[in-house]
Amino acid sequence: MSNLQFHIEPGSWQMIKNDSLTYLMGYDFQMLGWDREAQTIDFALRFDDKGGHCQRHRHLASTTVLVMEGEQHLTEIHSSGKTTSKKRIKGEYARSNGADQNPHMERGGPDGGVVFYSCYAPDGRLFELVDDDGTIIREVTFEDMIEAWEHYQEEVRA
Ligand SMILES: [Fe+2]
Numbered sequence: 200m201s202n203l204q205f206h207i208e209p210g211s212w213q214m215i216k217n218d219s220l221t222y223l224m225g226y227d228f229q230m231l232g233w234d235r236e237a238q239t240i241d242f243a244l245r246f247d248d249k250g251g252h253c254q255r256h257r258h259l260a261s262t263t264v265l266v267m268e269g270e271q272h273l274t275e276i277h278s279s280g281k282t283t284s285k286k287r288i289k290g291e292y293a294r295s296n297g298a299d300q301n302p303h304m305e306r307g308g309p310d311g312g313v314v315f316y317s318c319y320a321p322d323g324r325l326f327e328l329v330d331d332d333g334t335i336i337r338e339v340t341f342e343d344m345i346e347a348w349e350h351y352q353e354e355v356r357a
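Quick note: the sequence shown uses our numbering, first residue 200, plus one each step.
Here's what the structure looks like:
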């Protein structure tokens, strides 16, 4: 189940990209492991050095973050429309307790970034993906992520 070989196995990073959004969206995803009984899921994101973001989202689960390489840049979008920014550098660790209040944008630094995430989702809900105006586009669950990763692995091996 677990795959800690970050750069070795072909297909270990899934490239995710969407050119139809109003912001630069593109990053690499790698599933590391999960535990259905404990409702925990671990994965890593690799951000490029060109400002590619992951989908604008709000965390619904308690999340632990460790910046393994480069930087993680976060822009939180408050309900007033105001934004606040935060930067975490290599080696920085953070954890949240329960759902985040606001959605955020997330990308790498000038040299990109590799970030480890571990989520605890007792109700199976991980993220809400959010539109430009704050509308929820979709909810991503524990099972959605596992299914998407297993589908990708099947494609790689086909
Ligand atoms: Fe996030």
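Glycine residues also receive a C-beta, built at the ideal position from the N, C-alpha and C atoms.
Between the options, which lies nearest to residue i when the distance is taken from Cα to Cα?
i: Ser-219; options: Gly-333, Ala-243, Arg-235 and Gln-254; result: Gln-254
i: Gly-311; options: Val-266, Gly-323 and Glu-275; result: Val-266
i: Ile-215; options: Thr-221, Tyr-226 and Glu-208; result: Tyr-226
i: Pro-302; options: Ser-284, Gly-308, Val-314 and Ala-293; result: Ser-284
i: Thr-239; options: Arg-356, Met-344, Ile-288 and Glu-354; result: Met-344
i: Leu-244; options: Gly-269, Asp-332 and Tyr-319; result: Gly-269
i: Lys-249; options: His-350, Val-329, Pro-309 and Tyr-292; result: Pro-309
i: Thr-340; options: Trp-212, Leu-325 and Phe-228; result: Leu-325
i: Asp-234; options: Asp-332, Val-355, Glu-342 and His-272; result: Glu-342
I need the DSSP call for residue i, collapsed to helix, strand or coil.
i: Trp-358; result: The requested residue 358 is not part of the displayed model; the chain covers only 200 to 357.
i: Pro-309; result: strand
i: His-277; result: coil
i: Glu-268; result: strand
i: Ala-293; result: strand
i: Leu-203; result: Note that Leu-203 scores a pLDDT of 45, beneath 50, so its modelled location is shaky; the value from the coordinates is reported in the next line. Looking at Leu-203 - three-state DSSP - the assignment turns out to be coil, as it is neither helix nor strand.
i: Gln-213; result: strand
i: Glu-349; result: helix
Which partner residues does residue i have in the DSSP bridge list?
i: Glu-338; result: Glu-327
i: Val-154; result: Nothing about residue 154 can be reported from this structure: the residues present for the chain run from 200 to 357 only.
i: Leu-244; result: Phe-228 and Val-314
i: Ile-288; result: Glu-270
i: Thr-221; result: The partner list for Thr-221 (beta bridge, DSSP) is empty, contrary to what the question assumes.
i: His-303; result: His-256 and Glu-275
Is the distance from the Cβ of residue i to the Cβ of residue j below 7 Å?
i: His-252; j: Met-224; result: yes
i: Phe-242; j: Tyr-316; result: yes
i: Asp-299; j: Arg-257; result: yes
i: Ala-260; j: Tyr-319; result: yes
i: Thr-262; j: Thr-274; result: no
i: Gln-271; j: Val-314; result: yes
i: Ala-237; j: Val-264; result: no
i: Gly-210; j: Val-355; result: yes
Locate the beta strand (DSSP E) running through residue i, then write down its first and last residues.
i: Arg-255; result: No beta strand (DSSP E) contains Arg-255, which DSSP labels as neither H nor E.
i: Lys-249; result: Looking at the DSSP string, Lys-249 is not in any beta strand (DSSP E), and its letter there is neither H nor E.
Closer than 7 Å, CB to CB, is residue i near chain C or not?
i: Gly-312; result: The structure shown contains no chain C; it holds only a single protein chain.
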